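Trainee: Listed in order, the protein sequences are those of chains P and E.
The working numbering applies: residue -13 is where the first sequence begins, and numbers increase by one.
The working numbering applies: residue 8 is where the second sequence begins, and numbers increase by one.
Ideal Cβ positions, reconstructed from N, Cα and C, are used throughout, including at glycine.
Quick caveat: nothing in here was measured; it's all calculated off a predicted structure.
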Amino acid sequence: MNTISDANIEGVTSIGSLRDYLEFLQSHKQFITWPEAVMPEPDIRNVIAAGGRDFMTQPAILFDQIIGYPDKRLVAGVHGSFANIALLLGMPKQSSIKSMFYEMVSRWDSARADLRRVDPGAAPVHQNRIETDINLYDLLPLYRINEYDGGFYLGKANVVSRDPSDLDNFGKQNVGINRIQLHGKDTFTLLSPPVHDLGRQMRIADETGLPLKIAVMLGNHPAMALFAATPIGYDESEFEYASAMMGAPMTLTESGNGMDILADTEIVIEADYIPGEHKIEGPFGEFPGSYSGVRRAPVFKVTAISHRNDPIFENIYIGRGWTEHDTLIGLNTCTPIYAVLKKEFPEVEAVNAMYQHGLTGIVSVHQRYGGFAKTVAMRALSTPHGSMYLKNLIMVDADVDPFNLTEVMWALSVKTRSDDIIVVPNMTGIPVDPASIIPGKSHKLIIDATSHASPDPVGVDTAMVEPPTGPHIDALQTMVSQLQEAVQ
Amino acid sequence: MNSCPRCDKTNLRLEHQGREQGEVVWTIFYCEDCGYSFRDSEDERVLVRDQRRPEFNLESTNPEDYPFMMAPNPRKKNH
């Protein structure tokens, strides 16, 4: 099945669950069990944040001695480093971010999904079923993620929902990551901006009176979180993307309330949307590195829970970056923007939109004629993800590596003119951007740091230096390093 | 705990108690006025209103003083 890359780490395509992945990570020294007893606060936050300082190599961390939660297990940092993401892609864990970007690009649109099904009675997730006396506090080893969060949050919940007006449409069934705050043993608020797929389904439920049910999957096959966080079309299935991008089968079953769920998920919380009911939610330390404000958020009521034996609760540390949020969604923020642009502008070379989910993005492009890069920039701002998230967009030439910030800073330093900056005012933005005057709206900034080209007369007499490059220079660089290492 | 660290109201609900070998080691409370939840084992910077960063305390528990993250949508006429 896996014909999609030259990725060569053995065993990755046989991963079927979070447990498999943790074992796989352990074999690559990317998974540890914390050896000491911890208090929920502040110890768990401190350990995860400390490990996450090295976002290239942080291991996943399992806690199984949490004071007050005997016999409960929590894992964080599963996607907390680029080493873990590389291994998930079947690549060596030292792979460069740029090479991972091109690996994901090569898989996008080129691979087929292999979704399989098992009956609910045979699915590990349904080994235990709770339909009465529901108590989320008893099930989940919760901890306050950031010190001034308004409560206890599920920060990595993969939420499955169907379009209330088109229940049988598999493609419109959405899997997204939404922040969830507990408001009782069986009650929570869930945040979904109106432009996200679940927000759209909540609007349909409001307008039609049709019921909206969800299944919250906690502790999943690692590809699920990766693609639940990926902005794809409303009628495209995240399950299919996850399977296709992994080049491996994924096994689904049915939740008690009719959603498709991963059969090997650790915990599934089934809940009903309560139209018109809101509770005070937040603040919550979000991915821009700032707390969102206090808001009124929609309420969901839990109807049942399924979980595996001895389940592992998977959660996250998120805050001022980079955190697991950034390593989880960085590359798959770049890829769909690139895929859209590349179709219409083959001149696009690469997209780096890893900064706070794309609040800042860098696009490299072959400049066809004066002003061309700005045309590409405008399209980037109208991609599904870019329209909301891209706020600062830096355009560079194709020979500038957008993943190499030294090169990007060079381009900014020598290519930009202060009278050639574009600000597009009052566009759609994200509600949690701390720089927004009106949450949900923002200005878009385009900095064109590409070379001037005809008919632009600027720069005609200042040709750029072309430093020596190519395989011969690479070999010389290696030789210099070897000679340096050999110095006594 | 007698009052909410965030809003200072007293409408607290005991949510859950963590135990070790049968002994209670912490208790989670929920404020029914402002929706805040906390564990009584947390730092005083979280639990004591006067020691919290003041911008995280609430003066109002009236929901109408806070914006909707997603405002309710009116029912369409034909539904």
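Among residues of its own chain, excluding the 5 on either side of I459 (chain P), which ones have a beta-carbon nearer than 7 Å to its beta-carbon?
Mentor: Counted from its first residue, the first sequence places residue 459 (chain P) at position 473. Here the set comprises nothing.
Trainee: Mapping the DSSP letters down to three states, classify D460 (chain P) as helix, strand or coil.
Mentor: The count along the first sequence starts at 1 and reaches residue 460 (chain P) at position 474. Residue state, collapsed to three classes: helix.
Trainee: I53 (chain P) versus chain E: which residues are under 9 Å apart at the beta carbon?
Mentor: Position 67 of the first sequence, counting from 1, holds the residue named residue 53 (chain P). Neighbours of I53 (chain P) on chain E, chain order: G25, E27, V32, W33 and S48.
Trainee: Going by beta-carbon coordinates alone, are I291 (chain P) and L125 (chain P) separated by less than 8 Å?
Mentor: Mapped onto the first sequence, residue 291 (chain P) falls at position 305. Mapped onto the first sequence, residue 125 (chain P) falls at position 139. Contact: yes.
Trainee: Please state the DSSP three-state secondary structure of M(-13) (chain P).
Mentor: In the first sequence, counting from the first residue as 1, residue -13 (chain P) sits at position 1. Caution applies to M(-13) (chain P), whose pLDDT of 34 falls short of 50 and renders its modelled position unreliable; the model cannot decide the point.
Trainee: Would you verify that the beta carbon of S22 (chain E) is, or is not, closer than 8 Å to some beta carbon of chain P?
Mentor: The residue you call residue 22 (chain E) lines up with position 15 of the second sequence. According to the sequence as given, residue 22 (chain E) is Glu; it is not Ser. Taking Cβ atoms only, chain P reaches closer than 8 Å to E22 (chain E), which makes this a yes.
Trainee: Can you look up E335 (chain P) in the DSSP assignment and give me helix, strand or coil?
Mentor: As a position in the first sequence, residue 335 (chain P) is number 349, starting the count at 1. Correct three-state label for E335 (chain P): strand.
Trainee: Can you list, in chain order, the residues of its chain with a C-beta nearer than 6 Å to that of M245 (chain P)? Leave out the 5 residues immediately preceding and following it.
Mentor: As a first step, residue 245 (chain P) must be located in the first sequence, where it is residue number 259. Hits under 6 Å: V146 and A201.
Trainee: Measure the alpha-carbon distance for G25 (chain E) versus K171 (chain P) and round it to whole angstroms.
Mentor: Walking along the second sequence from the start, residue 25 (chain E) turns up at place 18. Walking along the first sequence from the start, residue 171 (chain P) turns up at place 185. Going by the C-alpha atoms only, they are around 14 Å apart.
Trainee: Would DSSP call R82 (chain E) helix, strand or coil?
Mentor: The count along the second sequence starts at 1 and reaches residue 82 (chain E) at position 75. R82 (chain E) falls in the coil class under three-state DSSP.
Trainee: Using a C-beta cutoff of 8 Å, does F331 (chain P) count as contacting chain E?
Mentor: Working through the first sequence from its first residue, we reach residue 331 (chain P) at position 345. Not one chain E Cβ lies under 8 Å of F331 (chain P).
Trainee: Mind listing the chain P neighbours of N80 (chain E)? Cutoff is C-beta to C-beta under 7 Å, in chain order.
Mentor: The count along the second sequence starts at 1 and reaches residue 80 (chain E) at position 73. Simply R189, D192 and E193.
Trainee: Which ranges would you report for the beta strand (DSSP E) in the segment -4 to 25 of chain P if only whole runs of at least 3 residues count?
Mentor: Qualifying beta strand (DSSP E) stretches, in chain order: 17 to 19.
Trainee: So R52 (chain E) contacts chain P; which residues on that side make the cut at Cβ distance below 8 Å?
Mentor: Here the question's residue 52 (chain E) lines up with position 45 in the second sequence. Chain P residues near R52 (chain E): E133.
Trainee: Give the residues from the segment 145 to 169 of chain P that approach chain E closer than 7 Å (Cβ to any Cβ), ordered along the chain.
Mentor: Under the 7 Å Cβ criterion, the segment 145 to 169 of chain P contributes L168 and H169.
Trainee: Candidates E:L19, E:N18, E:Q28 and E:T17: which alpha carbon is nearest G54 (chain P)'s?
Mentor: The sequence position of residue 54 (chain P) within the first sequence is 68, counting from 1. Checking every option, the nearest Cα to that of G54 (chain P) belongs to E:Q28.
Trainee: Please state whether DSSP places M413 (chain P) in a helix, a strand or coil.
Mentor: On the first sequence, position 427 is the one that residue 413 (chain P) refers to. M413 (chain P): strand per DSSP, three-state reduction.
Trainee: What residues from chain P crowd round C41 (chain E), counting only those whose CB sits closer than 7 Å?
Mentor: Locating residue 41 (chain E) in the second sequence gives position 34, counting from the first residue. Neighbours of C41 (chain E) on chain P, chain order: I266.
Trainee: Is the Cβ of M90 (chain P) closer than 8 Å to any Cβ of chain E?
Mentor: For the purposes of this step, residue 90 (chain P) is taken as the residue at position 104 of the first sequence. Not an interface residue.
Trainee: Roughly how many angstroms separate the alpha carbons of A317 (chain P) and L75 (chain P), rounded to a whole number?
Mentor: Locating residue 317 (chain P) in the first sequence gives position 331, counting from the first residue. Locating residue 75 (chain P) in the first sequence gives position 89, counting from the first residue. Per the sequence presented here, residue 317 (chain P) reads as Leu, with Ala not at that position. In a straight line, the C-alpha of L317 (chain P) is about 11 Å away from that of L75 (chain P).
Trainee: When you compare only the Cα positions, how much space is there between L266 (chain P) and I52 (chain P)?
Mentor: Reading the first sequence from its first residue, position 280 is the one you call residue 266 (chain P). Reading the first sequence from its first residue, position 66 is the one you call residue 52 (chain P). It should be pointed out that residue 266 (chain P) corresponds to Ile in this sequence rather than to Leu. When rounded, the distance between both Cα atoms is 29 Å.
Trainee: Determine the closest residue to M231 (chain P) out of P:A211, P:G305, P:S241 and P:N243, with distance taken between C-alpha atoms.
Mentor: As a first step, residue 231 (chain P) is located in the first sequence; it is residue number 245 there, counting from the start. Among P:A211, P:G305, P:S241 and P:N243, the Cα nearest to that of M231 (chain P) belongs to P:A211.
Trainee: Helix, strand or coil, according to DSSP, for W33 (chain E) in the structure here?
Mentor: Numbered from 1 along the second sequence, position 26 holds the residue referred to as residue 33 (chain E). Here W33 (chain E) sits in strand by DSSP.
Trainee: On the CB-based measure, 16 or more other CB atoms within 10 Å of its CB, does P217 (chain P) come out buried or exposed?
Mentor: Residue numbering aside, residue 217 (chain P) sits at position 231 when the first sequence is read from its first letter. When all chains shown are included, P217 (chain P) counts as buried.
Trainee: Could you tell me the distance, in whole angstroms, from the CA atom of N(-12) (chain P) to the CA atom of I302 (chain P)?
Mentor: As a working mapping, residue -12 (chain P) is identified with position 2 in the first sequence. As a working mapping, residue 302 (chain P) is identified with position 316 in the first sequence. Per-residue confidence for N(-12) (chain P) stands at a pLDDT of 37, beneath the threshold of 50, marking its modelled position as unreliable; the derived number appears in the next sentence. In a straight line, the C-alpha of N(-12) (chain P) is about 30 Å away from that of I302 (chain P).
Trainee: Does the structure place the segment 272 to 281 of chain P close enough to the segment 414 to 422 of chain P that three or more beta carbon pairs sit under 8 Å?
Mentor: At 8 Å Cβ cutoff, the stretches touch.
Trainee: Measuring only the C-alpha atoms, how far is G37 (chain P) from Q44 (chain P)?
Mentor: Within the first sequence, residue 37 (chain P) is the residue found at index 51, counting from 1. Within the first sequence, residue 44 (chain P) is the residue found at index 58, counting from 1. Cα to Cα, the separation comes out at about 6 Å.
Trainee: Counting only runs of 3+ residues fully inside the segment 170 to 202 of chain P, write out the beta strand (DSSP E) ranges in chain order.
Mentor: 173 to 176, all fully within the segment 170 to 202 of chain P.
Trainee: Could you tell me the distance, in whole angstroms, from the CA atom of F87 (chain P) to the CA atom of N9 (chain E)?
Mentor: For this step, residue 87 (chain P) is matched to residue 101 along the first sequence. For this step, residue 9 (chain E) is matched to residue 2 along the second sequence. Taking the straight line from one Cα to the other gives about 53 Å.
Trainee: Under three-state DSSP, which class holds S147 (chain P)?
Mentor: Within the first sequence, residue 147 (chain P) is the residue found at index 161, counting from 1. Looking at S147 (chain P) - three-state DSSP - the assignment turns out to be strand.
Trainee: In three-state terms, what does DSSP make of D387 (chain P)?
Mentor: Your numbering for residue 387 (chain P) matches position 401 in the first sequence. Looking at D387 (chain P) - three-state DSSP - the assignment turns out to be coil, as it is neither helix nor strand.
Trainee: Is it buried or exposed for D312 (chain P), if we count other Cβ within 10 angstroms and need 16 for buried?
Mentor: Residue 312 (chain P) sits at position 326 when you count from the first residue of the first sequence. The residue is buried, with at least 16 neighbouring Cβ atoms inside 10 Å.
Trainee: Mind checking if R60 (chain E) is an interface residue toward chain P, Cβ cutoff 8 Å exclusive?
Mentor: Numbered from its first residue, the second sequence carries residue 60 (chain E) at position 53. True, the Cβ-Cβ gap to chain P drops below 8 Å.
Trainee: Buried or exposed, going by whether 16 or more other CB atoms sit within 10 Å of the CB of T309 (chain P)?
Mentor: Translated into the one-based positions of the first sequence, residue 309 (chain P) becomes position 323. Per the 10 Å Cβ criterion, buried.
Trainee: Quick one: grab the DSSP three-state call for D(-8) (chain P).
Mentor: Taking the first residue of the first sequence as 1, we reach residue -8 (chain P) at position 6. With a pLDDT of 49 at D(-8) (chain P), under the threshold of 50, the predicted position of this residue should be treated as unreliable, though the coordinate-derived value follows. In the structure shown, D(-8) (chain P) sits in coil (DSSP, three-state: anything other than H, G, I, E or B).
Trainee: Between the beta-carbon of P297 (chain P) and the beta-carbon of S350 (chain P), is there less than 8 Å?
Mentor: Along the first sequence, read from residue 1 onward, the residue named residue 297 (chain P) stands at position 311. Along the first sequence, read from residue 1 onward, the residue named residue 350 (chain P) stands at position 364. No.
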